[in-house]
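So the protein sequences, as listed, match chains A and B.
Going from the first sequence to my numbering is simple: count from 1 and add 150.
Going from the second sequence to my numbering is simple: count from 1 and add 1349.
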Amino acid sequence: MIKKLCTSLILLTTTASLFTSATVLASGEVNVYSARKEALIKPLLEQFSKSTGISVNLITGKADALLQRLKIEGKASPADIFITVDAGRLQRAKEAGVLQAIDSAILKKNIPANLRDVDKLWFGLSQRARTIFYAKDRVKPSQLSSYEDLATSQWQGRICLRSSNNIYNQSLVASMIENIGTQETETWAKKMVANLAKPPTGGDTDQLKAVAAGVCDVTIANTYYYGRLSNSDNASDQQIVEKVKIFWPNQNNRGVHMNVSGAGVTKFAKHKDNAIKLIEFMSSAQSQAWYAAVNSEFPVLKSAEISTVLQSWGEFTADPIPLNKLGENNRSAVELMDRAGWK
Amino acid sequence: MLSLASFLQQLIIRLMIAKALNYKTFNWLSGCALLIAVTLSLPIFVVSSSVFSGLGPTWVHLADTVLSDYVSNSFLLLLGVAAGTLLLGVPAAWFTSVCEFRGKVLLTWMFLLPLAFPAYIVAYTYTGLLDFAGPVQSFIREFSGLKYGEYWFFEIRSLPGAAIMLTLVLYPYVYLLTRAAFLQQSTNSLEVCRTLGYSRYRAFFHLSLPMARPAIIAGLTLALMETLADYGTVQFFGISTFTTGIFRTFYGLGDSTAAAQLASLLLSFVAMLIILERYSRRQNRYHSNSEQRAAPALIKLSKTNTCYVWLICFSPILFGFLLPAAVLLYWSVCEAVFEASAFFSLAWNSFYLAISAAVIAVLLSLLLAYARRLKSNPLVNSAVTISGLGYALPGTIIAIGILIPLAWLDHRLIDLFESFFDIEIGLLLSGSLFALLFAYTVRFLAVSMGAVQTGLDKIKPNIDNAARSLGNNNLKVLQLVHVPLMRSSLLTALLIVFVDVLKEFPATLILRPFNFNTLAVHAFELASDERLMDAAPASLMIVAVGLLPVILLSRSISKRPAMSVSKGIKQQ
Chain A
151 MIKKLCTSLI LLTTTASLFT SATVLASGEV NVYSARKEAL IKPLLEQFSK
201 STGISVNLIT GKADALLQRL KIEGKASPAD IFITVDAGRL QRAKEAGVLQ
251 AIDSAILKKN IPANLRDVDK LWFGLSQRAR TIFYAKDRVK PSQLSSYEDL
301 ATSQWQGRIC LRSSNNIYNQ SLVASMIENI GTQETETWAK KMVANLAKPP
351 TGGDTDQLKA VAAGVCDVTI ANTYYYGRLS NSDNASDQQI VEKVKIFWPN
401 QNNRGVHMNV SGAGVTKFAK HKDNAIKLIE FMSSAQSQAW YAAVNSEFPV
451 LKSAEISTVL QSWGEFTADP IPLNKLGENN RSAVELMDRA GWK
Chain B
1350 MLSLASFLQQ LIIRLMIAKA LNYKTFNWLS GCALLIAVTL SLPIFVVSSS
1400 VFSGLGPTWV HLADTVLSDY VSNSFLLLLG VAAGTLLLGV PAAWFTSVCE
1450 FRGKVLLTWM FLLPLAFPAY IVAYTYTGLL DFAGPVQSFI REFSGLKYGE
1500 YWFFEIRSLP GAAIMLTLVL YPYVYLLTRA AFLQQSTNSL EVCRTLGYSR
1550 YRAFFHLSLP MARPAIIAGL TLALMETLAD YGTVQFFGIS TFTTGIFRTF
1600 YGLGDSTAAA QLASLLLSFV AMLIILERYS RRQNRYHSNS EQRAAPALIK
1650 LSKTNTCYVW LICFSPILFG FLLPAAVLLY WSVCEAVFEA SAFFSLAWNS
1700 FYLAISAAVI AVLLSLLLAY ARRLKSNPLV NSAVTISGLG YALPGTIIAI
1750 GILIPLAWLD HRLIDLFESF FDIEIGLLLS GSLFALLFAY TVRFLAVSMG
1800 AVQTGLDKIK PNIDNAARSL GNNNLKVLQL VHVPLMRSSL LTALLIVFVD
1850 VLKEFPATLI LRPFNFNTLA VHAFELASDE RLMDAAPASL MIVAVGLLPV
1900 ILLSRSISKR PAMSVSKGIK QQ
């Protein structure tokens, strides 16, 4: 009995495996490798399928692993689009040679020049700010000024930071390297790490929670995590939003560190036209408003509607640094943080 | 680097085949075994071939800054988990196999429950509970009026915290294998021991424990290898270990070669441990006395002792399963946002992948172990050991080690079909379920191999000879004698691989085909997006899918093998 069961199972799985890889070659489709989580992309893809009749096949995963898969699969890769968060990763995909240049008047019109690649290999589709958050009852906004200021002695034992393994911190440091130079950034990182209230653990939301719980008074986090808490019905989430406030640093000079999620068409895309259509769709007013509403991200399209939560944070100056610099400086940033003892 | 790697592989494979063919008693079974073993060790070769590409500037940086942290943290974590799993696993195994007390049956299978939990999920739930922002500390602050830092509380996100989390989900490995060993121990030798005037206490330390040692070590090895491969927990707790270092080098520094070299360093460390362990018991062979008919006399516990045993045994179940499950249940019901309709296909995908992988891994292990028993082939032995190292590697690294050779093969196939038939076939192997099953087999071969091998080693070679002298061929002997005798070991192997695959996400994430999702991947995606509470329903589903086989199998594992063998021989 067991023997029969085994044989049939093996047969079943091998045939199933052959079919699953063969079906994606049909036309009227587009195949997506996405480092954006399924929940943050699938609804949009479904809308795309509905309005164009093009069906979308999706694999989500970690950016670098997907990139590795793309590289190894080479010209036979079924992927048409690579979607990822963080400009550093987009730059890495560009350097790996897995993307192709796309000429699209729509994308050019919808996306500001500093949010897309100079060689037209990738396009930013949503923006997030990595900014400072503070405890309302223990910190006056006037005490805060810039990222650089977090290294001063007034913040001794009052800062929470996420681990330097995280790409968002790596990109922030990469932008600092570009703006103030390696030497100064390293001194800054060392002093800021010395100001930490506890060793770096957890994600961005955990840092916000730590500020609310009184573990520390200031932290650095991405805006959409705060936006998510603001949109939540949960009472404990609302409490955090009540206790923790947002601050836009460096308003007198370069502005807040921004990053993007973005996409590019793969070099060996079998459905290139559909792939371009999908990216154009994602830059449309409708999709851009969706990003803002669902994940509290800032649209790249100027005219797109933004949610009341985003509006409540007020206007701010954003750092205009070309985003490919973040990717170029990534390695130096990681090495710098290792030397600074940023765990 | 790639061409060098493939050249080396070819060289090694050729050498192996040439040597194996020289073997006097080469037959199809050992040929198959060799082919399988070499194929399964291929990903490990791919990863470790990076060693030959020389040390780059990244190494100078690592050695100057973080490498010592990686080594010392990994080592401390291993120590903690080793102590913890032994302390929880061995007594639990002994109580449930040798003693008789109220509620023993219940305890026996409840001990396995934590196995169904991915370590990182347990870590998330405890963090949610015990963190500064969690309900426990919030209550302390509200109740006492103290602020954070003015009272002492255990910092869950720390190295000891990580060791506890991993211990809670990994002790069942030690428990399972040790218990199987205790059950297979002959009562006769224990009785002889007692008639010689040994107390139960001394008999345990001088006879039962040494006899169970290979099994204990096998279980411990699994727990430690899983600890080394763990990424989710240590990453979440912010502890720099070898695994986080590999990914930091790979992703952050963008140096895949140095990352693979770090992984190889990890592998060589594990290989050294395994060799040391084998060397230390080189002369000891333990075959059980098979003339065991009557069920052994169990030690009846008094009511007070029963209470003590329950008290001791219940805590790992409480902290390893009931508490986290309750928290997840609370989150699922009260906090999480989820669509119930999607869960059926997720659960089905997880289930059939896990069942297929478990059956494949156990069948291959049985074939490999049996081939080794018939004719020990040093090449098969070393290939099996090498592929077994896969258990200590993070799934992502294994996945890449599999993608490289599969994509290579795919590209050759594509060229072939294009030039002969002018058809474009696309990638057939990589990015299919075949690749996934291959990855699971490599990743979890050590698990099934360990259980199967311990089971097979227990059977005296005399029995093989006797069965063969009755005119049975090797396969018949395997089918009629070994398989029934090793029933509990085989089921144990099936169970562990099944549950392990159910929990696996890093390799699944990279290798899966389009539009294919599993419970573990789903839970991980939500959790890594910092939506811990939304991940709760999927995590609970993993436990639920794993639960039924855990209960069913643990019941049949606890049955004694003697009956089924006599039945098998009668059918003859």
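Glycine residues also receive a C-beta, built at the ideal position from the N, C-alpha and C atoms.
Output the distance between the C-alpha atoms of residue i and residue j, rounded to the nearest integer angstrom.
{"i": "histidine 407(A)", "j": "alanine 468(A)", "result": "6 Å"}
{"i": "valine 1801(B)", "j": "glycine 307(A)", "result": "54 Å"}
{"i": "glycine 1739(B)", "j": "glutamine 401(A)", "result": "51 Å"}
{"i": "phenylalanine 232(A)", "j": "valine 415(A)", "result": "6 Å"}
{"i": "leucine 1672(B)", "j": "valine 1523(B)", "result": "21 Å"}
{"i": "asparagine 260(A)", "j": "serine 276(A)", "result": "12 Å"}
{"i": "leucine 1611(B)", "j": "phenylalanine 1492(B)", "result": "48 Å"}
{"i": "valine 174(A)", "j": "glutamine 1828(B)", "result": "Here valine 174(A) scores only 43 on pLDDT, less than 50, and its place in the model is too uncertain to base an answer on."}
{"i": "glycine 247(A)", "j": "valine 1711(B)", "result": "41 Å"}
{"i": "proline 1898(B)", "j": "alanine 263(A)", "result": "56 Å"}
{"i": "leucine 1532(B)", "j": "lysine 1724(B)", "result": "28 Å"}
{"i": "serine 1605(B)", "j": "leucine 240(A)", "result": "17 Å"}
{"i": "proline 1886(B)", "j": "alanine 1674(B)", "result": "10 Å"}
How is residue i classed by DSSP in three states: helix, strand or coil?
{"i": "tyrosine 1475(B)", "result": "helix"}
{"i": "asparagine 403(A)", "result": "coil"}
{"i": "tyrosine 1789(B)", "result": "helix"}
{"i": "leucine 1935(B)", "result": "Residue 1935(B) lies beyond the residue range present for chain B, which begins at 1350 and ends at 1921; the question has no answer from this structure."}
{"i": "tyrosine 1580(B)", "result": "coil"}
{"i": "leucine 1778(B)", "result": "coil"}
{"i": "threonine 1598(B)", "result": "helix"}
{"i": "leucine 1404(B)", "result": "coil"}
{"i": "isoleucine 1808(B)", "result": "coil"}
{"i": "isoleucine 1709(B)", "result": "helix"}
{"i": "phenylalanine 1863(B)", "result": "coil"}
{"i": "glycine 1820(B)", "result": "coil"}
{"i": "valine 1892(B)", "result": "helix"}
By the criterion of Cβ-Cβ separation under 9 Å, what are the contact partners of residue i in chain A?
{"i": "arginine 1597(B)", "result": "Ser314, Asn315, Val484, Asp488"}
{"i": "glutamate 1879(B)", "result": "Gly352, Gly353, Asp354, Thr355, Asp356, Tyr375, Arg378"}
Going along chain A in order, which residues have a C-beta closer than 7 Å to the C-beta of residue i?
{"i": "arginine 1836(B)", "result": "Chain A residues near arginine 1836(B): none, gap ~11 Å exceeds 7 Å."}
{"i": "asparagine 1864(B)", "result": "Asn207, Leu208"}
{"i": "isoleucine 1763(B)", "result": "Ala226"}
Per DSSP, which residues does residue i bridge with? Please list them.
{"i": "proline 449(A)", "result": "Ser276(A)"}
{"i": "asparagine 409(A)", "result": "Arg278(A)"}
{"i": "glutamate 1449(B)", "result": "Lys1649(B)"}
{"i": "isoleucine 209(A)", "result": "Tyr183(A)"}
{"i": "glycine 1739(B)", "result": "Paired residues: none, contrary to the question."}
{"i": "glycine 331(A)", "result": "Glycine 331(A) pairs with nothing; no bridge assigned."}
{"i": "alanine 285(A)", "result": "Val394(A)"}
{"i": "cysteine 310(A)", "result": "Thr369(A)"}
{"i": "glutamine 250(A)", "result": "Val415(A)"}
Give me the chain A residues within the contact set of residue i, using Cβ-Cβ distance strictly less than 8 Å, ordered along the chain.
{"i": "histidine 1410(B)", "result": "Glu485, Asp488"}
{"i": "valine 1415(B)", "result": "Asp488"}
Strictly below 8 Å CB to CB, what residues from chain B border residue i?
{"i": "glutamine 218(A)", "result": "Ser1605, Ile1749, Leu1752, Ile1859"}
{"i": "isoleucine 222(A)", "result": "Ile1749, Leu1752, Ile1753, Ala1756, Ser1779"}
{"i": "alanine 360(A)", "result": "Phe1481, Ala1482"}
{"i": "glutamate 188(A)", "result": "Asn1866, His1871, Glu1874"}
Which residues of chain B have a Cβ atom closer than 9 Å to the Cβ of residue i, listed in chain order?
{"i": "isoleucine 252(A)", "result": "Ordered by position in chain B, no residue passes the 9 Å Cβ test against isoleucine 252(A), which lies about 22 Å from the chain."}
Kindly indicate if chain C contains any beta-carbon less than 9 Å away from that of residue i.
{"i": "threonine 202(A)", "result": "Looking for chain C here will not work: the only protein chains present are A and B."}
In chain B, what lies closer than 7 Å to residue i by C-beta?
{"i": "glutamine 320(A)", "result": "Gly1601"}
{"i": "glycine 365(A)", "result": "The question names glycine, yet the displayed sequence has valine at residue 365(A). Simply Phe1481, Tyr1497."}
{"i": "glutamate 481(A)", "result": "Just to set this straight, residue 481(A) is arginine in the shown sequence, not glutamate. Neighbours of arginine 481(A) on chain B, chain order: Leu1602, Gly1603."}
{"i": "alanine 468(A)", "result": "Neighbours of alanine 468(A) on chain B: none; closest Cβ ~23 Å, over 7 Å."}
Go to residue i, then tell me how far its alpha helix (DSSP H) extends in each direction, as first and last residue.
{"i": "alanine 1529(B)", "result": "1508-1533"}
{"i": "valine 361(A)", "result": "354-363"}
{"i": "isoleucine 1751(B)", "result": "1744-1770"}
Taking the continuous beta strand (DSSP E) assigned at residue i, which residues delimit it?
{"i": "tyrosine 297(A)", "result": "No beta strand (DSSP E) holds tyrosine 297(A); DSSP gives it neither H nor E."}
{"i": "alanine 371(A)", "result": "368-372"}
{"i": "isoleucine 396(A)", "result": "394-397"}
{"i": "valine 484(A)", "result": "Premise fails: valine 484(A) lies in the alpha helix (DSSP H), 480-490, not in any beta strand (DSSP E)."}
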